[in-house]
Structure formats: structure tokens, C-alpha cells
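Asker:
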Amino acid sequence: MANGEWRIESPFRDPPAYQARGSDPLAEQIDWYLSPEHRADIEHGCPNTGFAGDVRRLDPAGHARYAQGLAANLDRFAQIAQAPGLQEGERRARAIALFSEMAGALLLSRADADPALADEILDSARTDVHSRTGAA
């Protein structure tokens with residue numbers, strides 16, 4: 001929060017940075033987002049999951065900023081999660097479904113006191129998202 005306002009930073013990096021390294025941006029994002037390191041870094045991790053439980057208690061301006069940040073993150077993720085032959089609406093719907101699974105898994109993993117179950121949640125979601133997207 002700077003000067004009394006907080007910003008929603010995107011947890012998703014620009015695809016050209018991955019392509020310049022010759023890596024798959026979707027696979028890297030899935031692996032990073034559903035990692036124990038991201039789970040542990042609540043202060044610097046995805047703000048969409050960090051604020052998800054509290055956003056309804058924010059004032060209207062704060063709620064609007066959260067909604068804008070979520071929409072921007074979904075747009076950026078839709079660029080990363082492209083699939084051949086999908087129209088714009090289909091690409092956005094796919095990104096929303098994938099991000100929802102990833103965010104839900106991260107939230108559940110953070111909430112669980114049992115480290116083995118917390119890891120299992122991340123591992124299961126990561127495997128499922130990789131298999132549904134074909135990300136390497």
C-alpha cells in the first residue's frame with residue numbers, strides 16, 4: 001500500500017520474456033503459481049488470492065480496484081494460456097477456468113495446517129492444469 005492506496009500487481013509475466021528464453025510461458029506460470037515457494041510468500045504472492053477473502057469488506061473504491069486488478073490479471077493470463085483455434089471469448093473463458101483452479105488450490109493449500117496435504121493440493125492442481133493445457 002503506497003500513499004493510502006494499494007495496487008493489484010499481476011502475478012503473470014509478459015510472454016515475450018519467456019519466449020526470449022525459449023521456454024513455455026504457460027508451463028512456467030503454472031509451476032510458479034502452484035509452488036510451495038509462492039504459497040509461502042503471501043506478502044509478495046498473487047494479490048488476487050491474498051485479498052480474496054477480504055475484498056467484500058473493502059469500501060466501494062477498494063472493491064473496484066480489486067475488480068480492475070483481477071480483470072487485468074485474467075487478460076494477461078489469457079495471453080499466456082492461448083490455445084490454437086480458440087476465439088477471443090473462448091480464450092478468456094479458458095483463462096478464467098484455469099486461473100480459478102489455480103487460485104483455489106493456492107488458497108486451500110495456504111489454509112491447511114498439514115504440510116503433506118498442503119503439498120498434495122498444489123501437486124494435484126499442478127498436474128491437472130498441465131494435463132488440461134498440454135503445457136510441458
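FYI, full-length UniProt numbering numbers position 1 of the sequence shown as 1, with every residue one higher than the one before it.
C-beta atoms are modelled at their ideal positions from N, C-alpha and C, and glycine is treated no differently.
Computed from a prediction, not measured in an experiment: that's the story for all the values here.
DSSP state of Asp114, grouped into three classes?
Answerer: coil
Asker: What does the alpha-carbon distance come out to for the pair Ala135 and Pro47?
Answerer: 24 angstroms
Asker: Between Ala103, Arg110, Asp75, which has its C-alpha nearest Ala93's C-alpha?
Answerer: The shortest CA-to-CA distance from Ala93 to any of Ala103, Arg110, Asp75 is the one to Asp75.
Asker: According to DSSP, simplified to helix, strand and coil, what is Leu108?
Answerer: helix
Asker: Return the chain-ordered list of same chain residues with a C-beta closer than 7 angstroms to the C-beta of Ala116, the five sequence neighbours on each side being excluded.
Answerer: none
Asker: Anyone know if the C-beta pair for Leu86 and Thr133 falls short of 8 angstroms?
Answerer: In this structure, Thr133 does not lie closer than 8 angstroms to Leu86 by Cβ.
Asker: Classify Pro84 as helix, strand or coil using the three-state DSSP reduction.
Answerer: coil
Asker: Buried or exposed for Ser109, please, with buried defined as at least 16 other CB atoms from any protein chain shown within 10 angstroms of its CB.
Answerer: The residue in question, Ser109, is buried, as its Cβ has 16 or more Cβ neighbours within 10 Å.
Asker: Whose CA, out of Ala64, Asp114, Asp112, Ala78, lies closest to the CA of Ile30?
Answerer: The shortest Cα separation from Ile30 among Ala64, Asp114, Asp112, Ala78 belongs to Ala78.
Asker: Let me know the secondary structure DSSP gives Leu34 once reduced to three states.
Answerer: coil
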